[in-house]
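Q: Numbering (the working numbering), first residue to last: 45 to 281. Please find one structure pasted underneath; my questions will follow.
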Amino acid sequence: RTTFGTPAGDGACVRRAGAAASWRLGRRSGMRRGGAADGGQHSNARALLFGFVALVLLVALAVLPVKQYLRAALEFTAALPPLEASLVFIVAYVAAVVTLLPAMFLSVAAGFMFAGPLAVLNTTIGATAGSAAAFWLGQHALRGVAQRLVAQWPLFGAVNEALARQSFKLIVLLRISPLTPYNVMNYAMALTRVDIGTFTAASGVGMLPQTLALVYIGGAAKSLAEVFDDDKRGGGG
């Protein structure tokens with residue numbers, strides 16, 4: 045018997061409609077949870093890969109004669125024409141920053157290898173490009189880790205919010221401070237809401253004073269070495 049239009053029939057229709065809506069909502073929620081789980085697995089895989097690469101690099105630094113390699117590379121670069129030497133130096137600087145090598149020594153070496161303005165230019169380009177590359181790698185490899193940190197550590201969320209409001213100023217100040225680890229900061233900032241453009245520009249500005257100082261040290265060391273060489277030649281004559 046047809047019951048549409050009666051209270052009993054209306055109630056049955058409402059119950060059936062509610063059950064269908066609940067089933068659809070449950071299915072969508074399950075799909076979202078499944079997608080979130082897949083995203084979390086991919087993030088974990090990227091983080092594990094990043095950690096493995098970092099571990100391999102640390103072992104290589106401990107086992108291989110890195111200092112000898114760097115010295116040979118610098119001597120080879122210094123013997124090249126200025127343009128080629130600049131390109132090789134910039135690429136080496138980027139690689140050093142990404143692999144967490146002490147790039148400060150390359151800044152000093154620039155003052156020893158190049159004339160003053162060219163040394164500053166090459167070091168600035170290498171340091172800024174290296175910072176941007178490390179930031180990009182950290183941002184993509186550790187995105188899932190960043191989201192979990194923000195959710196589980198309220199202080200990190202507060203720092204993240206502060207950087208989002210005054211990111212350029214704070215990054216410049218952190219770069220100027222000699223207490224801030226240069227290479228580590230590149231990856232740490234990738235865990236915040238700072239965009240890569242702001243990070244790169246602020247890093248270039250903030251690193252300039254330190255770049256000038258380190259290049260000056262390298263140039264002064266070169267001048268002293270030349271003076272001692274002249275004295276030795278004069279004494280030998």
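The beta-carbon is built from N, C-alpha and C at its ideal position, and this holds for glycine as well.
Is it buried or exposed, residue 221, if we count other Cβ atoms within 10 angstroms and call 16 or more buried?
A: Exposed is the call here.
Q: Rank 133, 174 and 239 by C-alpha distance to the C-alpha of residue 118 and give the top, closest one.
A: Per the Cα distances, 133.
Q: Quick check on DSSP: helix, strand or coil for residue 158?
A: Residue 158 falls in the coil class under three-state DSSP.
Q: Given residue 163, which residues of its chain have a CB within under 8 Å of its CB, disregarding the five upstream and five downstream residues?
A: Taken in chain order, the residues that qualify are 154, 155, 157, 259, 262 and 263.
Q: Pull up the distance between the alpha-carbon of residue 295 and that of residue 212, whole angstroms please.
A: Residue 295 cannot be examined here, being either before or after the span of the chain that is shown, 45 to 281.
Q: Residue 143 and residue 247: beta carbons closer than 8 Å?
A: No; because the gap between Cβ atoms is not below 8 Å, this pair is not in contact.
Q: Taking the alpha carbon of residue 169 as the point to measure from, which residue in 160, 180, 130 and 185 has its own alpha carbon closest?
A: Closest by alpha carbon: 130.
Q: Please classify residue 143: does DSSP put it in a helix, a strand, or coil?
A: Reduced to three states, the DSSP call for residue 143 is coil.
Q: Could you give the C-beta distance for residue 249 and residue 216, rounded to a whole number, given that I count them as a contact under 8 Å?
A: About 5 Å separates the two Cβ atoms, so the contact holds.
Q: From residue 241 to residue 214, what does the alpha carbon distance come to, in whole angstroms?
A: Using only the alpha carbons, I get a separation of about 14 Å.
Q: Of the choices 148, 232, 219 and 208, whose alpha-carbon is the least far from that of residue 185?
A: Comparing Cα-Cα distances from residue 185 to each of 148, 232, 219 and 208, the minimum goes to 232.
Q: Just the Cα atoms here: how many angstroms apart are residue 266 and residue 204?
A: One C-alpha to the other measures close to 43 Å.
Q: Taking all protein chains shown into account, do 16 or more other C-beta atoms lie within 10 angstroms of the C-beta of residue 80, making it buried, or fewer, making it exposed?
A: Confidence is the limiting factor: at residue 80 the pLDDT is only 45, short of 50, which leaves the residue's position unreliable, though a coordinate-based value still follows. Exposed, because fewer than 16 other Cβ atoms sit within 10 Å of the Cβ of residue 80.
Q: Which residue marks the beginning of the alpha helix (DSSP H) containing residue 238, and which one marks its end?
A: Residue 238 -> no alpha helix (DSSP H), and no H or E assigned at all.
Q: Which class does residue 79 belong to by DSSP, given the choice of helix, strand or coil?
A: For residue 79, the predicted model reports a pLDDT of 49, less than 50, meaning its position is unreliable and no value from the coordinates is stated.
Q: Under a three-way DSSP split, which group does residue 242 fall into?
A: Of the three classes helix, strand and coil, the one that applies to residue 242 here is helix, per DSSP.
Q: Measuring only the C-alpha atoms, how far is residue 210 from residue 218?
A: Those two C-alpha atoms are separated by around 12 Å.
Q: Taking 8 Å as the threshold (beta carbon to beta carbon), is residue 159 in contact with chain C?
A: Absent from the structure: chain C. Only one protein chain is present.
Q: Return the residue from the list 121, 178 and 225 that minimises the CA-CA distance to residue 166.
A: For the residues 121, 178 and 225, the minimum Cα distance to residue 166 belongs to 121.
Q: Considering only the beta carbon of each residue, do residue 238 and residue 207 sit closer than 8 Å?
A: Yes; because the gap between Cβ atoms is below 8 Å, this pair is in contact.
Q: Look up residue 124 in the DSSP assignment and say whether it is helix, strand or coil.
A: Residue state, collapsed to three classes: coil.
Q: By a C-beta neighbour count over all protein chains shown, 10 Å radius and 16 as the cutoff for buried, is residue 159 buried or exposed?
A: Per the 10 Å Cβ criterion, exposed.
Q: Per DSSP, what kind of secondary structure is residue 153 in: helix, strand or coil?
A: Note: residue 153 maps to helix in three-state DSSP.
Q: Just the C-alpha distance for residue 236 and residue 140, rounded to the nearest angstrom, thanks.
A: Taking the straight line joining both Cα atoms gives about 23 Å.
Q: Alpha helix (DSSP H) containing residue 232: first to last residue?
A: First-last of the alpha helix (DSSP H) with residue 232: 226-233.
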